[in-house]
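Trainee: First residue of the sequence shown: 1, per this note's numbering; consecutive thereafter. Okay, here's the structure, questions in a sec.
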Amino acid sequence: MSISYLNLAIPNAGELVEVAQGVFWLRMPLPFDLDHINLYLIKDGEDGFALVDTGIGTKQTETLWEQIISALDTPITKVIVTHMHPDHIGMAGYLVEKFRVPFYMSHDEYFVGRAISAGPRGASDWQDQEYLVRCGMSKKELTEAQKNRQRSKGIGSLVKPIPLQFTRLSAGDTLTIDNENWLVIIGKGHSPEHVSLYNANSNILISGDHVLPHISPNIGVYNTEPNANPLKQYLDTLPQFTELPSDALVLPSHKQPFYGLHTRVNELINHHHEHLDNLRVFCQQGKTIEQCLPVLFKRKLNSRNIYFAIAESFAHLNYLYFTGECSRHINAEGQFIFTLK
Numbered sequence: 001m002s003i004s005y006l007n008l009a010i011p012n013a014g015e016l017v018e019v020a021q022g023v024f025w026l027r028m029p030l031p032f033d034l035d036h037i038n039l040y041l042i043k044d045g046e047d048g049f050a051l052v053d054t055g056i057g058t059k060q061t062e063t064l065w066e067q068i069i070s071a072l073d074t075p076i077t078k079v080i081v082t083h084m085h086p087d088h089i090g091m092a093g094y095l096v097e098k099f100r101v102p103f104y105m106s107h108d109e110y111f112v113g114r115a116i117s118a119g120p121r122g123a124s125d126w127q128d129q130e131y132l133v134r135c136g137m138s139k140k141e142l143t144e145a146q147k148n149r150q151r152s153k154g155i156g157s158l159v160k161p162i163p164l165q166f167t168r169l170s171a172g173d174t175l176t177i178d179n180e181n182w183l184v185i186i187g188k189g190h191s192p193e194h195v196s197l198y199n200a201n202s203n204i205l206i207s208g209d210h211v212l213p214h215i216s217p218n219i220g221v222y223n224t225e226p227n228a229n230p231l232k233q234y235l236d237t238l239p240q241f242t243e244l245p246s247d248a249l250v251l252p253s254h255k256q257p258f259y260g261l262h263t264r265v266n267e268l269i270n271h272h273h274e275h276l277d278n279l280r281v282f283c284q285q286g287k288t289i290e291q292c293l294p295v296l297f298k299r300k301l302n303s304r305n306i307y308f309a310i311a312e313s314f315a316h317l318n319y320l321y322f323t324g325e326c327s328r329h330i331n332a333e334g335q336f337i338f339t340l341k
């Protein structure tokens, strides 16, 4: 089944578009290269809506939420967050507080979200600096990174205070919304314990960031866990989605709702294996993580997205390292060198 998209106009910021009976699509703006996030409201009882994801925690998003809430003239009954990234969890605390309703996340996403939004709390940043050196960044890039860190207010500035209580979502659970059961599916790699939701009656999958059209979710190794192997986790948890019907309507967190779930899952798997094959050739001679960027990214990288690109390159090289295909050592400059065995 080829990929096709719903024949619906993309909603303006804060506008609701019904994509299936009782399921509404809305968009919130983001101040990034990827300039939007899709959120979903699901009719829940006579007078209410369950919400999946919340938008980034800024004044602009808060204003849009006030407009939406006023137009709906009905309460939000549940706040469900797929994962802990700021565009998904940013307004959760605000909405949970406003409506005094249950908050649903997976265990790992909830606690990682709270930890990261709390910031370093005075901890030394020498390990952050070491991470950048290990990645092969130049002195100029290291200086720029230091300046960016000093200017940044941190992720916590984009996330409203996270509620102190949550209801855990685990793989295989069912979440009931308006007497309909939504199956909880856990994916890993993009984030620690990402939640997707599938309704068999309506044949709808809310895929979050785990399965996206047009683009691949960022799979990265970051400074918090440099020996992580998130690409293996991602590739291990993608195939389960082919067990769902191939004609499911997929509601992703970015771009447009689409049909062709199996096709897209296979495209994503092939995309990463193609990158791995290219790195197997490129790393015949030892390479730093940064030197591998042109193999994975054909577009020009700016100062904002280069860190995501570095993390993605690191993830692919760590995958090869942990399969035993590559060696990894630290050179005299403190950089990781990956060499195909």
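No residue lacks a Cβ here, since even glycine has one placed at the ideal position from N, Cα and C.
Please list, in chain order, all residues of the same chain as I116 whose beta carbon is under 6 Å from its beta carbon, the five residues on each side excluded.
Mentor: Within the sequence shown, residue 116 is the residue found at index 116, counting from 1. Answer for I116: I155, listed in chain order.
Trainee: Can you give me the Cβ contacts of L51 inside the same chain, cut-off strictly under 6 Å, excluding the 5 residues immediately before and after it?
Mentor: Reading the sequence shown from its first residue, position 51 is the one you call residue 51. For L51, same chain residues with a beta-carbon under 6 Å away, outside a window of 5 residues either side, are L41, I76 and V79 in chain order.
Trainee: For T58, report the span of its beta strand (DSSP E) as first-last.
Mentor: Stepping through the sequence shown from its first residue, residue 58 is reached at position 58. It is not in any beta strand (DSSP E) - T58 carries neither H nor E in the DSSP assignment.
Trainee: Determine the DSSP secondary structure at Y131, reduced to helix, strand or coil.
Mentor: On the sequence shown, position 131 is the one that residue 131 refers to. Helix, per DSSP.
Trainee: Closer than 6 Å by C-beta to T61: which residues in its own chain qualify, once you throw out the five before and the five after it? Chain order, please.
Mentor: Within the sequence shown, the letter at position 61 stands for residue 61. Hits under 6 Å: M28, G55 and M91.
Trainee: Scan the stretch 236-315 and note each continuous alpha helix (DSSP H) run of 4 residues or more that stays entirely inside, going in chain order.
Mentor: 261-282 and 293-296
Trainee: Under a Cβ-count criterion, where at least 16 other Cβ atoms within 10 Å of its own Cβ denotes burial, should W126 be classed as buried or exposed?
Mentor: For the purposes of this step, residue 126 is taken as residue 126 along the sequence shown, with counting starting at 1. Residue environment analysis places W126 among the exposed positions, since fewer than 16 neighbouring C-beta atoms fall within 10 angstroms of its C-beta.
Trainee: Spell out the partners DSSP gives E18 in its beta bridges.
Mentor: Here residue 18 is taken as the residue at index 18 of the sequence shown, counted from 1. Answer is F24, bridged to E18.
Trainee: Drop a sphere of 10 angstroms on the beta-carbon of K341, count the other beta-carbons inside from all chains shown, and report buried for 16 or more, exposed for fewer.
Mentor: Numbered from its first residue, the sequence shown carries residue 341 at position 341. Under this definition K341 is an exposed residue.
Trainee: Reducing DSSP to helix, strand and coil, say where V112 ends up.
Mentor: Along the sequence shown, read from residue 1 onward, the residue named residue 112 stands at position 112. Helix.
Trainee: Report yes or no: do the stretch 237-245 and the stretch 201-211 share at least 3 C-beta pairs separated by less than 8 Å?
Mentor: yes
Trainee: Measuring alpha carbon to alpha carbon, tell me which of Y198, L39 and H214 ends up nearest E180.
Mentor: Position 180 of the sequence shown holds residue 180. With distances taken between Cα atoms, E180 lies closest to Y198.
Trainee: Anyone know if the C-beta pair for G187 and A315 falls short of 8 Å?
Mentor: For the purposes of this step, residue 187 is taken as residue 187 along the sequence shown, with counting starting at 1. For the purposes of this step, residue 315 is taken as residue 315 along the sequence shown, with counting starting at 1. Not in contact: G187 and A315 (Cβ atoms no closer than 8 Å).
Trainee: Once you ignore the five residues that flank T242 on each side, which residues in its own chain have a CB closer than 7 Å to its CB?
Mentor: Here residue 242 refers to the residue found at position 242 when the sequence shown is read from its first residue. Contacts found: H262 and V265.
Trainee: Who pairs with S327 in a beta bridge, going by DSSP?
Mentor: As a first step, residue 327 is located in the sequence shown; it is residue number 327 there, counting from the start. Looking at the DSSP assignment, S327 forms a beta bridge with T339.
Trainee: Of the choices P217, C292 and W65, whose alpha-carbon is the least far from that of L34?
Mentor: Within the sequence shown, numbered from 1, the residue matching residue 34 stands at position 34. The residue with the shortest Cα to Cα distance from L34 is P217.
Trainee: What residues in its chain sit with their C-beta under 6 Å from that of A145, if we drop five residues either side in the sequence?
Mentor: Start at 1 with the first residue of the sequence shown, and residue 145 comes out as number 145. Contacts found: L132.
Trainee: Decide if E18 is buried, meaning its Cβ has at least 16 other Cβ atoms within 10 Å, or exposed.
Mentor: The residue labelled residue 18 in the question sits at position 18 within the sequence shown. Counting Cβ neighbours within 10 Å, E18 comes out exposed, since fewer than 16 surround it.
Trainee: Is the beta carbon of Y319 closer than 8 Å to that of L276?
Mentor: The residue labelled residue 276 in the question sits at position 276 within the sequence shown. The residue labelled residue 319 in the question sits at position 319 within the sequence shown. Yes.
Trainee: Secondary structure at N179, three-state DSSP: helix, strand or coil?
Mentor: Walking along the sequence shown from the start, residue 179 turns up at place 179. Coil.
Trainee: So, for I269: in the same chain, excluding its five sequence neighbours on each side, which residues have a beta-carbon less than 7 Å away from its beta-carbon?
Mentor: To locate residue 269, count along the sequence shown from 1; it is residue 269. Closer than 7 Å at Cβ, skipping near neighbours: L235 and L238.
Trainee: Using the DSSP secondary-structure output, state which residues sit across from K78 in a beta bridge.
Mentor: Numbered from 1 along the sequence shown, position 78 holds the residue referred to as residue 78. The partner list for K78 (beta bridge, DSSP) reads A50.
Trainee: Please return the same chain residues whose Cβ sits closer than 8 Å to the Cβ of H271, not counting the five positions on each side in sequence.
Mentor: Counting from one through the sequence shown, the residue named residue 271 turns up at place 271. Hits under 8 Å: S216.
Trainee: From the DSSP output, read off the bridge partner residues of G187.
Mentor: The sequence position of residue 187 within the sequence shown is 187, counting from 1. In the DSSP assignment, G187 forms a beta bridge with H194.
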